[in-house]
Amino acid sequence: MIKWLLFAGLTVFILSCGANQESAEKPSPKPEDNRMTKVAEPAYAGFLVLKDTLNIFNECGGGTWMVNCDPEMQLYLTTRYQEISKAPEEEIYVEFRGDKTAGTLAVGEMNFGGSLMVKSVIAFREKRDSDCAGN
Numbered sequence: 766m767i768k769w770l771l772f773a774g775l776t777v778f779i780l781s782c783g784a785n786q787e788s789a790e791k792p793s794p795k796p797e798d799n800r801m802t803k804v805a806e807p808a809y810a811g812f813l814v815l816k817d818t819l820n821i822f823n824e825c826g827g828g829t830w831m832v833n834c835d836p837e838m839q840l841y842l843t844t845r846y847q848e849i850s851k852a853p854e855e856e857i858y859v860e861f862r863g864d865k866t867a868g869t870l871a872v873g874e875m876n877f878g879g880s881l882m883v884k885s886v887i888a889f890r891e892k893r894d895s896d897c898a899g900n
């Protein structure tokens, strides 16, 4: 019985030394190596126009983009646009987060600088004279 306890104790000791030795061989990461910096998707400000089946984004400072989004976001954009706009094809001020894909797109008579995949909406309201000031 004593031999068995001695054997079990020795086995536990050896295994624990091996674990310590393994961690001693691999230096722990420096704090600066262990940091993760979350980078926010860029924000885009401008005017949204819903025309027929197209979502058109006229960006502050220039550029016209075709807006793409998932069905849930499309429902949100359409609903909010209809709540705010007073006339068809009215410009509504928006701020989006998402990804742009550059490249000329032609849809019917419309030409776009590319597409904007909307991930989230930051602002959605009536157009003001002060919108896009400085751009």
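In terms of the working numbering, the sequence shown opens at residue 766 and continues consecutively. The beta-carbon is built from N, C-alpha and C at its ideal position, and this holds for glycine as well. Here the structure is a predicted model, which is why all the values come from computation and not from measurement.
Is the segment 840 to 851 touching the segment 806 to 818, taking contact as three or more C-beta pairs under 8 Å? yes
Relative to the C-alpha of Cys-834, which candidate in Met-875, Ser-895, Gly-863, Asp-894 has its C-alpha closest? Position 69 of the sequence shown holds residue 834. Residue Gly-863 is the option with its Cα nearest to Cys-834.
Close beta carbons around Ala-871, own chain, < 8 Å, minus the five adjacent residues each side: Locating residue 871 in the sequence shown gives position 106, where the first residue counts as 1. Around Ala-871: Phe-877.
Excluding the 5 residues preceding and the 5 following Asn-820 in the sequence, name in chain order all residues of the same chain whose CB lies nearer than 6 Å to its CB. Along the sequence shown, one-based indexing puts residue 820 at 55. Excluding residues within five positions, the ones whose Cβ falls inside 6 Å are Val-832.
Tell me where the alpha helix (DSSP H) around Arg-893 begins and ends. Residue numbering aside, residue 893 sits at position 128 when the sequence shown is read from its first letter. From DSSP, Arg-893 is part of no alpha helix (DSSP H); its letter is neither H nor E.
Identify, in the order they occur along the chain, each residue of the same chain with its Cβ nearer than 6 Å to the Cβ of Glu-860, setting aside the five sequence neighbours on each side. Within the sequence shown, numbered from 1, the residue matching residue 860 stands at position 95. Same-chain partners within the cutoff: Ala-808, Ala-810, Ile-887, Ala-888.
Considering Glu-848, what are the terminal residues of the beta strand (DSSP E) in which it resides? For the purposes of this step, residue 848 is taken as the residue at position 83 of the sequence shown. Note, Glu-848: premise wrong, no beta strand (DSSP E); alpha helix (DSSP H) at 836 to 849.
Reducing DSSP to helix, strand and coil, say where Ala-852 ends up. Counting from 1 along the sequence shown, the entry for residue 852 is found at position 87. In this structure, Ala-852 counts as coil in the three-state DSSP scheme.
For Gly-868, tell me which candidate among Ala-852, Glu-806, Trp-830 has the shortest Cα-Cα distance. On the sequence shown, position 103 is the one that residue 868 refers to. Of Ala-852, Glu-806, Trp-830, the residue nearest in Cα terms is Trp-830.
Give the range of the beta strand (DSSP E) segment to which Glu-860 is assigned. As a working mapping, residue 860 is identified with position 95 in the sequence shown. Counting along the chain, the beta strand (DSSP E) containing Glu-860 begins and ends at 857 to 872.
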